[in-house]
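Enquirer:
In the working numbering, the protein residues as written are 9 to 339.
Laid out in structure tokens, this is it:
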């Protein structure tokens, strides 16, 4: 068997194995420097659009070249797994909405073991193969690699969009020293659509393909320290979100083609897509630990979720007062 055929055969076998592990899509890109992203990343960081996520500055060079992480890297395997379920968001004033990705179990706990299994399979097939796996946990530009590997294109809302899956899916990356057959990138199918930019409650999408984290509800409700109060521009536009925000994905026309997950772990715990604000405010640390063990909602900690709940209650009170004033003036 010649080398080219063997590379093609190995690539097909690896993809088949990844599908058997439960991944919905698998693509491969050649490991090289992301030179076309250097200026964009530098501008994004210079403008402070990463807000307080300073680790992005410290790891910018590694993000631009995977060979700084794994010097022997020749291929990058990108996997995608849908987390969409038949459940939908509901607006209730006394409850806070949770982003879809937070409804079930922590995606790191679901994807990482599967990716490690794929790396072990590769090491078994190719002696001395070196690999590193990441699920949103390292200095890797997953979205750019997903684009290069043919998983989808990076939309104007900055999420990766697939014509067959929409955008409600998680990404994982396997860097490997093994030479694999690369896939062709997917062209951009956003066209003239600006639904996500028009719908963002806080104007976080400052221009197509550019997100200012300091204006993003997901950033404020998940990434900020619990003692940080929200600015007025965020608080009055929270739109009922307690943890994360799905608006720019919910309005995307490509999510008419979303693919329901095959992974039971991503279905809502206790059938809940939102949480009662009073229940969060009354929760003890022990109750929080038990209830959200293995859940993405543990990231902001109890103090962070309680801060978010207070912000939502304050926003609701301001809204009610505005309605009363408006009613008085209309008489």
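Beta carbons are placed, not taken as given, at the ideal position from N, Cα and C, and that holds for glycine.
1) Taking all protein chains shown into account, decide if residue 233 is buried (16 or more other Cβ within 10 angstroms of its Cβ) or exposed.
2) Going by DSSP, what residues sit across from residue 105 in a beta bridge?
3) Please determine, among 301, 291, 302 and 326, the residue with the shortest C-alpha to C-alpha distance to residue 313.
4) Which same chain residues end up closer than 6 angstroms to residue 99 when comparing Cβ atoms and leaving out the 5 residues on each side of it in sequence?
5) I'd like the ranges of any alpha helix (DSSP H) spanning at least 4 consecutive residues and lying wholly in the stretch 160-232.
6) Pull up the distance between the alpha-carbon of residue 68 and that of residue 40, whole angstroms please.
7) CB-CB under 7 angstroms to residue 114, same chain, minus the five flanking residues each way: which ones, in chain order?
8) Looking only at C-alpha atoms, which of 38, 134, 18 and 146 sits nearest to residue 70?
9) How is the alpha helix (DSSP H) around residue 298 delimited, first residue to last?
10) On a Cα-Cα basis, can you pick out the residue from 217, 193, 156 and 124 that is closest to residue 163?
11) Since residue 282 and residue 105 are thought to touch, with beta carbons under 8 angstroms apart, how far apart are those beta carbons, to the nearest angstrom?
12) Determine the burial state of residue 86: buried for a count of at least 16 other Cβ atoms within 10 Å of its Cβ, exposed for fewer.
13) Return helix, strand or coil for residue 267, following the three-state DSSP convention.
14) Taking buried to mean at least 16 other C-beta atoms within 10 Å of its own C-beta, is residue 32 buried or exposed?
15) Do you know offhand how far residue 95's Cα is from residue 79's?
16) Using only alpha-carbon positions, find the residue among 273, 286 and 319 that is nearest to residue 112.
17) Alpha carbon to alpha carbon, how far is residue 256 from residue 203? Give it in angstroms, no decimals.
18) How long is the line joining the alpha carbons of residue 35 and residue 190, rounded to whole angstroms?
19) Assign residue 289 to one of two classes, buried (16 or more other C-beta atoms within 10 Å of its C-beta) or exposed (fewer than that).
20) Per the DSSP calculation, residue 38 is bridged to which residue(s)?
21) Which whole-angstrom value describes the C-beta separation of residue 119 and residue 180, a residue pair presumed to lie in contact below a C-beta threshold of 8 angstroms?
22) Rounded to whole angstroms, what's the CA-CA distance from residue 311 to residue 220? Just pull it up for me.
23) Tell me whether the beta-carbon of residue 230 lies closer than 8 angstroms to the beta-carbon of residue 308.
24) Please report the distance separating the alpha-carbon of residue 194 from that of residue 38.
25) Spatial neighbours of residue 259 within its chain, please: C-beta separation below 7 angstroms, excluding the five flanking residues on both sides.
26) Could you say which of 91, 211 and 49 lies nearest to residue 109 if we only look at CA atoms?
27) In whole angstroms, what is the alpha-carbon distance linking residue 279 and residue 46?
28) Starting from residue 142, follow its DSSP beta bridges and name the residues at the other end.
Expert: The structure says:
1) exposed
2) 249 and 282
3) Checked all of 301, 291, 302 and 326; the closest Cα to residue 313 is 291.
4) The residues are 248.
5) 203-207
6) 15 angstroms
7) Take residue 114, set aside five residues on each side of it, and the residues of its chain with a beta-carbon closer than 7 angstroms to its own are 302, 303 and 304, in chain order.
8) Among 38, 134, 18 and 146, the Cα nearest to that of residue 70 belongs to 146.
9) 293-299
10) 217
11) Their Cβ separation, rounded to whole angstroms, is 5 angstroms, which keeps residue 282 and residue 105 in contact under 8 angstroms.
12) buried
13) coil
14) buried
15) So the alpha carbons of these two residues sit roughly 43 angstroms apart.
16) 273
17) The alpha-carbon atoms of residue 203 and residue 256 are separated by roughly 8 angstroms.
18) Per the coordinates, the alpha-carbon of residue 35 lies some 8 angstroms from the alpha-carbon of residue 190.
19) exposed
20) 83
21) Indeed they touch by this definition, with Cβ atoms about 5 angstroms apart.
22) One C-alpha to the other measures close to 25 angstroms.
23) yes
24) For residue 194 and residue 38, the distance between alpha carbons rounds to 15 angstroms.
25) Correct list, in chain order: 203, 204 and 207.
26) 91
27) 43 angstroms
28) 181
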